[in-house]
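Numbering (our numbering), first residue to last: 23 to 236.
Ideal Cβ positions, reconstructed from N, Cα and C, are used throughout, including at glycine.
This report concerns only the one structure given below.
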């Protein structure tokens with residue numbers, strides 16, 4: 023079972039990807055993890071990726087696809103895997119499909135965790151982070167006992183720049199521009215499944231399991 027997770031930043035796709043990986047005993051694969059592992063292990067692909075990252079440049083699509091294909095060919099991916107955060111663009115999706123086709127493989131599902139922008143802006147805007155220990159809370163979903171004070175270490179809580187409405191909206195605009203076309207791409211491929219991401223996360227997961235099967 024080979025699955026791609028789609029969804030805007032803050033839609034909760036990472037959480038669902040981890041739950042899928044745990045239930046079906048398949049690896050949860052993110053490009054960030056792949057980069058870190060290859061760089062740490064000093065692989066040839068890792069060294070190439072590091073030369074770009076050290077210069078603050080984006081790693082080229084071909085290299086990212088090579089890294090992903092190398093990862094999904096490892097023994098623990100025999101039963102399948104969940105790709106989280108990749109592909110992000112149509113060229114990446116096309117390159118991935120072509121690389122998998124050479125191996126006689128293809129993706130089975132692209133699951134889109136669909137959440138309207140305004141809901142995401144409200145969700146992210148409600149997050150608070152501790153300046154001391156880094157613990158995170160939410161005004162609605164995970165409130166603290168004493169307003170503005172961390173339950174764990176008693177330090178002040180702040181709204182991070184990343185979670186400010188204007189920053190979140192910018193990230194959403196980039197997502198719609200670059201990644202939204204993948205919805206059409208995987209619809210045409212006949213593997214897209216859209217899930218309502220506004221409901222409770224356990225209900226989101228139940229809807230995913232209904233699609234993937236027990």
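Among the options, whose alpha-carbon lies nearest the alpha-carbon of residue i?
i	options	result
residue 154	228, 106 and 172	172
residue 184	90, 61 and 194	194
residue 87	120, 134 and 47	120
residue 190	23, 26, 24 and 30	30
residue 115	104, 181 and 129	129
residue 28	122, 44, 109 and 90	109
The beta strand (DSSP E) with residue i in it runs from where to where?
i	result
residue 231	Counting along the chain, residue 231 falls outside any beta strand (DSSP E), though it belongs to the alpha helix (DSSP H) covering 223–234.
residue 132	131–136
residue 27	24–28
residue 51	50–52
Taking the continuous alpha helix (DSSP H) assigned at residue i, which residues delimit it?
i	result
residue 125	No alpha helix (DSSP H) contains residue 125, which DSSP labels as neither H nor E.
residue 65	Element bounds for residue 65: n/a, residue is neither H nor E.
residue 95	Residue 95 -> no alpha helix (DSSP H), and no H or E assigned at all.
residue 43	35–46
Measure the beta-carbon distance from residue i to residue j and round it to whole angstroms, keeping in mind my assumption that it falls under 8 Å.
i	j	result
residue 143	residue 220	With 8 Å as the limit, residue 143 and residue 220 do not qualify as a contact, their Cβ atoms being about 13 Å apart.
residue 135	residue 32	10 Å between Cβ atoms; not a contact.
residue 201	residue 111	7 Å
Secondary structure at residue i, three-state DSSP: helix, strand or coil?
i	result
residue 213	coil
residue 106	strand
residue 183	helix
residue 178	strand
Entirely enclosed beta strand (DSSP E) segments - the segment 144–172, minimum 3 residues: Annotation note: the segment 144–172 contains the following uninterrupted beta strand (DSSP E) runs of length 3 or greater, listed N- to C-terminal: 149–152 and 158–160.
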